[in-house]
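In my numbering, each residue's number is its place in the sequence shown (first place is 1) plus 2.
We put the beta carbon where it would ideally sit given N, CA and C, even for glycine.
Fair warning: this is a prediction, and the values are worked out from it, not measured in the lab.
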Amino acid sequence: MPLEGPARIVSELTSRGYNAEREAVTHIAAADQPAAVLEQVVEGMPDDALVVRTDHVEAVLAAGEDPSVSTGTRPADQHDSAGSVPAETGGSVPAPTTDSEPNAQIERNSDPSLRSLEIAGDMTGDSTGTGEYEDFVAVFRDRLERLGGKLRGRVNHRPATAIQSMPGGSEAGMVGLVNDIRSTASGHWLIELEDATGTFPWLVMKDREFADMVDQLLCDEVLAMEGTLSDDAGIAFVDSMYFPDVPRTHEPSTADRHVQAALISDVHVGSQEFMADAWNAFADWLYTEQAQHVEYLLIAGDMVEGVGIYPNQDEELDVVDIYEQYEAFNERLKQVPGDIDIVMIPGNHDAVRLAEPQPGFDDRLRDIMSAHDPQIVSNPSTITVEGVSILMYHGVSLDEVIAELPEEKASYDEPHKAMYQLLKKRHVAPQFGGHTRLAPEEEDFLVMDEVPDIFHTGHVHKLGFGKYHNVLAINSGCWQAQTDFQKSVNINPDSGFAPIVDLDTLDVTVQKFS
Ligand code: D5M
Ligand code: FE
Ligand code: ZN
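Take a look at the structure:
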């Protein structure tokens with residue numbers, strides 16, 4: 003039966019110019035002959051109606067108990083047109099739960115007065131950078147100011163220039179950006195800290211307890227050090243080291259009703275490896291009783307595959323025009339029940355500037371992706387959903403954290419541990435000048451001023467989640483099968499999973515659709 007899944011009913015209706023109420027769709031899906039019911043509903047729609055409502059469907063169902071036997075009124079070819087669902091969406095999708103429970107009533111709470119979604123940290127439209135040298139100075143000064151503020155109360159700190167003129171043997175403290183990390187000939191570590199006045203070198207002895215923290219350091223992160231100046235006052239021996247970090251006592255906020263959010267990313271529509279069947283199954287699942295509490299869908303970047311992102315990428319494109327890719331993505335959004343609120347940020351495959359922070363999509367792309375009226379915000383952005391603050395960041399810096407840090411602290415198999423490092427540094431992309439391109443701005447939009455309750459990233463195409471000082475870190479998987487490049491470097495993506503978060507408990511369940 004070509005029209006068995008709710009998602010396919012939605013795309014059939016949209017292809018004929020109609021939006022539909024969720025319950026109307028489940029009614030059609032539950033009928034013996036969904037295709038025939040859909041035909042009758044469309045035929046009977048008032049000329050000025052744009053939305054297929056439950057009562058339209060009920061009228062059809064009541065008129066002919068079983069429309070498939072109330073023959074004679076419809077031209078014969080209508081069955082065919084109902085069957086002409088785009089080939090890519092048909093066929094091999096597993097039967098949705100609604101089919102096995104045809105009378106299940108899905109009561110998703112769509113009362114807008116109960117919903118709450120606030121956007122706090124969206125920098126779209128606030129970009130001031132001109133790319134001049136001064137902007138780089140300003141962005142690092144702002145970073146040091148704001149992250150240093152979290153450390154200054156913890157150490158008896160002095161400016162670098164003041165430490166430079168202290169006598170040998172003095173106790174000193176400093177807050178600064180990591181300017182350089184070097185190992186010495188004797189196996190100790192020399193870390194140069196920089197503040198607004200200058201730099202000072204700090205020596206971590208290889209057998210001190212802090213030595214194993216050195217391999218977690220990234221250039222340009224903000225740290226505090228305390229120690230004792232050498233006899234000639236040229237360096238300081240480190241006695242303690244502090245990260246801005248998340249307080250261990252952090253208590254996350256939770257929703258005061260049972261409501262869930264699906265956290266996904268990396269849809270990669272337009273790639274030959276986009277997993278249409280898995281996406282269809284996900285969209286169908288959202289219509290089932292099991293998904294009745296899912297009221298929010300958050301997408302952390304890489305909506306489409308894009309063009310010219312990697313060498314030879316064009317050989318794996320299914321859709322070669324970038325705007326057509328977004329049109330195709332919009333069709334995928336239409337499959338999602340209309341009463342789910344969607345928030346999305348761009349990623350490195352999307353058609354916005356690559357340097358971070360990435361502003362939300364421009365007007366032309368917003369117009370294309372308008373079907374579901376999604377909230378489109380910058381990468382990164384902080385949103386508050388039912389009282390739960392969620393920091394959404396695509397995750398390009400994770401590649402860097404994983405490359406620089408030892409396996410047990412960050413790896414592709416445990417991407418959430420790499421996220422813990424970012425939380426500890428209170429910055430989504432600390433290191434400047436590597437994979438992650440940073441746009442110079444007057445303000446460092448990548449600093450985590452506030453501790454989020456949930457930190458949501460994607461990009462590495464691996465599913466992983468866990469808690470760091472009570473903050474839930476989730477890296478969602480992807481909807482793209484392994485690409486040739488990933489095969490060549492042995493990346494095995496976690497494709498077709500949707501982590502679902504209970505916003506009242508911050509518990510996670512994972513739904514698999516592949
Ligand atoms: O990134 C998906 C993951 O794969 C991410 O960890 C980067 C890595 N990746 C994928 N293709 C390449 C190439 N060609 N060079 C380097 N790293 C790559 P995504 O943002 O989806 O491409
Ligand atoms: Fe991706
Ligand atoms: Zn990416």
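Name the two residues that bound the continuous beta strand (DSSP E) containing residue i.
| i | result |
| --- | --- |
| A373 | Here A373 belongs to no beta strand (DSSP E), and DSSP marks it neither H nor E. |
| S383 | 383 to 387 |
| S185 | 173 to 185 |
| K514 | 510 to 514 |
| G229 | 224 to 231 |
| E60 | E60 -> not in any beta strand (DSSP E); alpha helix (DSSP H) instead, spanning 56 to 65. |
| L195 | 191 to 196 |
| A500 | 499 to 504 |
| W204 | 201 to 206 |
Mark residue i as exposed unless 16 or more other C-beta atoms lie within 10 angstroms of its C-beta, in which case mark it buried.
| i | result |
| --- | --- |
| A405 | exposed |
| R259 | exposed |
| G310 | exposed |
| R250 | exposed |
| V87 | Because the pLDDT of V87 is 33, which lies under 50, any placement of that residue in the model is unreliable, and the question is left without a value. |
| P169 | exposed |
| D415 | exposed |
| S185 | exposed |
| N158 | exposed |
| I502 | buried |
| G7 | buried |
| S383 | buried |
| V403 | buried |
| P417 | buried |
| R10 | buried |
| T73 | Unreliable positioning characterises T73 in this predicted model, as indicated by a pLDDT of 34, which lies under 50. The coordinate reading is nonetheless provided below. So T73 ends up on the exposed side. |
| N492 | exposed |
| G175 | buried |
| E223 | buried |
| G362 | buried |
| A278 | buried |
| R110 | buried |
| L15 | buried |
| A263 | buried |
| K469 | exposed |
Kindly give me the distance between the Cβ atoms of residue i and residue j, rounded to whole angstroms, as I take these residues to be in contact under 8 Å.
| i | j | result |
| --- | --- | --- |
| A140 | E444 | 5 Å |
| V387 | L119 | 5 Å |
| V357 | A441 | First, the amino acid is wrong: residue 357 is Ala here, not Val. That belief holds up - the Cβ atoms of A357 and A441 are roughly 4 Å apart, short of 8 Å. |
| L300 | V345 | 5 Å |
| V379 | T126 | 6 Å |
| H351 | V398 | In fact, because the Cβ distance is near 10 Å, the residues do not count as touching under 8 Å. |
| F142 | L179 | 6 Å |
| T256 | T511 | 16 Å between Cβ atoms; not a contact. |
| V261 | L505 | 5 Å |
| L288 | I342 | 7 Å |
| V271 | E307 | 7 Å |
| K2 | F284 | Residue 2 is absent from the structure shown; the chain starts at 3 and stops at 516. |
Please state whether DSSP places residue i in a helix, a strand or coil.
| i | result |
| --- | --- |
| E275 | coil |
| K469 | strand |
| F457 | strand |
| T28 | helix |
| A475 | strand |
| T130 | coil |
| G236 | coil |
| S115 | coil |
| L153 | coil |
| E211 | coil |
| E358 | strand |
| D241 | strand |
| N105 | In this prediction, N105 has a pLDDT of 41, which is less than 50 and means its spatial position is unreliable; nothing more can be read from the coordinates. |
| V462 | coil |
| E23 | coil |
On the DSSP letters alone, give me the boundaries of the alpha helix (DSSP H) that residue i sits inside.
| i | result |
| --- | --- |
| V43 | 36 to 46 |
| T163 | 162 to 166 |
| F487 | 486 to 490 |
| L15 | 8 to 17 |
Only counting runs of 4 or more residues, tell me where the alpha helix (DSSP H) segments fall wholly within the segment 244 to 310, in order along the chain. 278 to 287
Threshold first: 4 residues or longer. Then list the alpha helix (DSSP H) segments lying entirely within the segment 312 to 349, N to C. 324 to 336
4 or more residues per run - each alpha helix (DSSP H) lying fully within the segment 380 to 454: 398 to 406, 417 to 427
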